[in-house]
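These notes concern the structure reproduced below.
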Amino acid sequence: MEENNLQCSSVVDGNFEEVPRETAIQFKPPLYRQRYQFVKNLVDQHEPKKVADLGCGDTSLLRLLKVNPCIELLVGVDINEDKLRWRGDSLAPFMGDFLKPRDLNLTIILYHGSVVERDSRLLGFDLITCIELIEHLDSGDLARFPEVVFGYLSPSMIVISTPNSEFNPLFPSVTLRDSDHKFEWTRMEFQTWALYVANRYDYSVEFTGVGEPPAGAENVGYCTQIGIFQKNRGKATEAYVSEQHDQHVYKAVFTTSYPSLQQERFFKLVLVNEVSQQVESLRVSHLPRRKEQDGEQGDKPKDIGGSKAPVPCFGPVFTEVEKAKIENSPKPFCVGDKFFVPLQRLLAYPRLNRLCANEEMMRSVIADSIPLSSDGSAVVTDLCNYFDEQFEF
Ligand SMILES: C[S@@+](CC[C@H](N)C(=O)[O-])C[C@H]1O[C@@H](n2cnc3c(N)ncnc32)[C@H](O)[C@@H]1O
Ligand SMILES: [Mg+2]
Numbered sequence: 394m395e396e397n398n399l400q401c402s403s404v405v406d407g408n409f410e411e412v413p414r415e416t417a418i419q420f421k422p423p424l425y426r427q428r429y430q431f432v433k434n435l436v437d438q439h440e441p442k443k444v445a446d447l448g449c450g451d452t453s454l455l456r457l458l459k460v461n462p463c464i465e466l467l468v469g470v471d472i473n474e475d476k477l478r479w480r481g482d483s484l485a486p487f488m489g490d491f492l493k494p495r496d497l498n499l500t501i502i503l504y505h506g507s508v509v510e511r512d513s514r515l516l517g518f519d520l521i522t523c524i525e526l527i528e529h530l531d532s533g534d535l536a537r538f539p540e541v542v543f544g545y546l547s548p549s550m551i552v553i554s555t556p557n558s559e560f561n562p563l564f565p566s567v568t569l570r571d572s573d574h575k576f577e578w579t580r581m582e583f584q585t586w587a588l589y590v591a592n593r594y595d596y597s598v599e600f601t602g603v604g605e606p607p608a609g610a611e612n613v614g615y616c617t618q619i620g621i622f623q624k625n626r627g628k629a630t631e632a633y634v635s636e637q638h639d640q641h642v643y644k645a646v647f648t649t650s651y652p653s654l655q656q657e658r659f660f661k662l663v664l665v666n667e668v669s670q671q672v673e674s675l676r677v678s679h680l681p682r683r684k685e686q687d688g689e690q691g692d693k694p695k696d697i698g699g700s701k702a703p704v705p706c707f708g709p710v711f712t713e714v715e716k717a718k719i720e721n722s723p724k725p726f727c728v729g730d731k732f733f734v735p736l737q738r739l740l741a742y743p744r745l746n747r748l749c750a751n752e753e754m755m756r757s758v759i760a761d762s763i764p765l766s767s768d769g770s771a772v773v774t775d776l777c778n779y780f781d782e783q784f785e786f
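In terms of our numbering, the sequence shown opens at residue 394 and continues consecutively.
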């Protein structure tokens with residue numbers, strides 16, 4: 394069992410709080426969450442595309458990281474297959490991920506295997522994390538670990554966390570924090586090892602930690618010590634990665650892919666939905682004005698989007714620049730009972746502009762789902778529909 398000398402104040406997500414029964418030290422947030430949050434902040438800061446968590450356990454960190462929009466490949470590796478399977482399924486996309494797809498693709502893979510084995514599918518990563526892993530390696534595996542992770546996998550950044558044994562006296566009766574720990578290092582021991590490894594494999598390293606010591610005991614340092622290693626040579630080139638022979642020793646136990654706007658069918662769904670909503674919003678907001686105009690003119694086109702055009706009373710709030718862009722775009726108009734919204738008008742709205750580069754692109758994606766004017770330059774819809782009559786617009 395994990396960290397079994399320590400009080401289990403949270404087993405809800407498979408993590409055990411590092412608080413001995415006898416001590417008053419309580420970490421807020423719990424220490425394991427501070428470690429995960431530390432990694433999440435690093436991901437927010439550096440925006441890696443490919444991230445692997447070695448010794449990922451029950452995948453809690455992966456679940457926190459998967460919402461990060463920059464990550465396109467998220468991999469977990471653990472020697473304990475049961476842990477991977479326990480909550481692995483919760484990494485799959487939910488209904489909400491389909492309703493609001495990500496901008497970028499995301500694939501998540503869990504591998505069963507040991508971090509001291511070489512698997513070429515982990516080459517070319519931007520970030521590899523090893524959270525509370527190294528102290529579980531015996532001396533033989535610890536000696537192999539740098540050669541595999543730093544030498545072979547050689548990611549741009551590596552984060553290693555491990556207990557700081559100098560903190561342990563604050564936990565009465567604790568020698569090792571977990572019965573499976575093969576060692577716990579002082580800051581000097583960890584930093585000596587880390588500097589040696591960094592020097593050997595051409596990385597630079599910075600030290601920090603999480604789990605502040607209590608007032609009066611600042612000299613012991615953080616409860617969890619952390620090394621952040623950054624490769625001096627920069628990112629692995631694609632050529633270097635592709636030169637490596639396929640070496641698949643890990644067993645993939647779980648793979649999932651998320652819907653994203655990079656996938657044609659999801660992009661189309663989102664764009665058609667956004668266009669339909671915007672056209673409907675404009676149509677509804679123009680109905681009262683159209684009633685006023687009825688009887689004034691015949692069937693010639695009526696520009697109803699001039700300076701007096703009503704502004705939609707719901708939906709997003711626009712900045713002054715966005716408002717000006719919308720106002721300066723071609724205005725919606727009516728011909729008979731038909732309501733036309735120029736594609737250029739739709740493109741002026743920020744949400745649609747973010748999705749579509751130009752009118753041609755918008756036309757080609759929505760043409761077989763939304764009625765367009767004969768020249769294809771505007772969406773066309775009935776000005777009034779059954780529901781307007783029911784609600785007496
Ligand atoms: C203390 S747990 C940490 C889990 C997770 N990183 C976290 O912070 O919640 C250590 C994990 O390392 C895994 N582990 C130990 N030796 C390993 C090895 N040689 N290769 C891969 N995983 C290993 C264990 O199975 C366990 O899940
Ligand atoms: Mg541990």
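Here a beta-carbon is modelled for each residue, glycine too, at the ideal position from N, C-alpha and C. Since we're looking at a predicted model, the values are computed, not measured.
Distance cut-off 7 Å: residue i Cβ against heavy atoms of ligand 1
{"i": "Asp471", "result": "yes"}
{"i": "Gly448", "result": "yes"}
{"i": "Leu563", "result": "no"}
{"i": "Ile553", "result": "no"}
{"i": "Ser453", "result": "yes"}
{"i": "Arg428", "result": "yes"}
{"i": "Ile524", "result": "yes"}
{"i": "Lys545", "result": "In the sequence as presented, Lys is not what sits at residue 545; that position holds Tyr. Outside the cutoff, so no."}
{"i": "Tyr425", "result": "yes"}
{"i": "Val468", "result": "no"}
{"i": "Lys476", "result": "yes"}
{"i": "Val508", "result": "yes"}
Test item: CB-CB of residue i and residue j under 8 Å
{"i": "Glu657", "j": "Leu745", "result": "no"}
{"i": "Cys616", "j": "Phe560", "result": "yes"}
{"i": "Phe600", "j": "Gln623", "result": "no"}
{"i": "Ile553", "j": "Phe543", "result": "no"}
{"i": "Asp573", "j": "His529", "result": "yes"}
{"i": "Thr555", "j": "Glu525", "result": "yes"}
{"i": "Gln427", "j": "Gly620", "result": "no"}
{"i": "Leu546", "j": "Phe518", "result": "yes"}
{"i": "Arg676", "j": "Leu516", "result": "no"}
{"i": "Val758", "j": "Phe733", "result": "no"}
{"i": "Pro494", "j": "Leu654", "result": "yes"}
{"i": "Ile787", "j": "Phe538", "result": "A query on residue 787 cannot be resolved here, the shown segment of the chain reaching from 394 to 786 and no further."}
{"i": "Thr500", "j": "Ser650", "result": "yes"}
{"i": "Leu466", "j": "Lys442", "result": "yes"}
{"i": "Ser722", "j": "Ala741", "result": "yes"}
{"i": "Val541", "j": "Arg514", "result": "no"}
{"i": "Pro462", "j": "Leu497", "result": "yes"}
{"i": "Lys575", "j": "Asp531", "result": "yes"}
{"i": "Lys557", "j": "Gly602", "result": "For the record, residue 557 in the displayed sequence is Asn; it is not Lys. Taking 8 Å as the Cβ cut-off, Asn557 and Gly602 qualify as a contacting pair."}
{"i": "Val613", "j": "Pro606", "result": "yes"}
{"i": "Ile763", "j": "Ser674", "result": "no"}
Where residue i falls, given that 16 or more other Cβ within 10 Å makes a residue buried
{"i": "Leu736", "result": "buried"}
{"i": "Pro725", "result": "buried"}
{"i": "Asp482", "result": "exposed"}
{"i": "Met581", "result": "exposed"}
{"i": "Pro652", "result": "buried"}
{"i": "Asp571", "result": "buried"}
{"i": "Ser767", "result": "exposed"}
{"i": "Ala587", "result": "buried"}
{"i": "Glu577", "result": "buried"}
{"i": "Leu346", "result": "Limits of the chain in this structure are 394 at one end and 786 at the other, which puts residue 346 out of reach."}
{"i": "Ala771", "result": "buried"}
{"i": "Gly698", "result": "Note that Gly698 scores 47 on pLDDT, short of 50, meaning its location in the model is unreliable and no value can be drawn from it."}
{"i": "Met488", "result": "exposed"}
{"i": "Gly450", "result": "buried"}
{"i": "Pro548", "result": "buried"}
{"i": "Asp446", "result": "buried"}
Cβ-heavy atom distance, residue i to ligand 2, below 7 Å
{"i": "Ile534", "result": "The identity of residue 534 in the sequence shown is Asp, whereas the question assumes Ile. Answer for Asp534: no, Cβ out of range of ligand 2."}
{"i": "Asp531", "result": "no"}
{"i": "His505", "result": "no"}
{"i": "Asp482", "result": "no"}
{"i": "Glu582", "result": "no"}
{"i": "Met439", "result": "The displayed chain sequence assigns His, not Met, to residue 439. The answer is no for His439."}
{"i": "Asp571", "result": "yes"}
{"i": "Glu611", "result": "no"}
{"i": "Glu528", "result": "yes"}
{"i": "His641", "result": "no"}
Presumed contact (8 Å Cβ cut-off) between residue i and residue j, rounded CB distance
{"i": "Ile472", "j": "Val444", "result": "Not confirmed; about 19 Å, so no contact."}
{"i": "Val646", "j": "Leu455", "result": "About 13 Å; that fails the 8 Å criterion."}
{"i": "Val508", "j": "Gly469", "result": "Contact doesn't hold; Cβ gap of about 11 Å is too wide."}
{"i": "Leu457", "j": "Tyr429", "result": "5 Å"}
{"i": "Leu492", "j": "Lys459", "result": "Actually they do not touch by this definition, with Cβ atoms about 17 Å apart."}
{"i": "Met755", "j": "Leu739", "result": "7 Å"}
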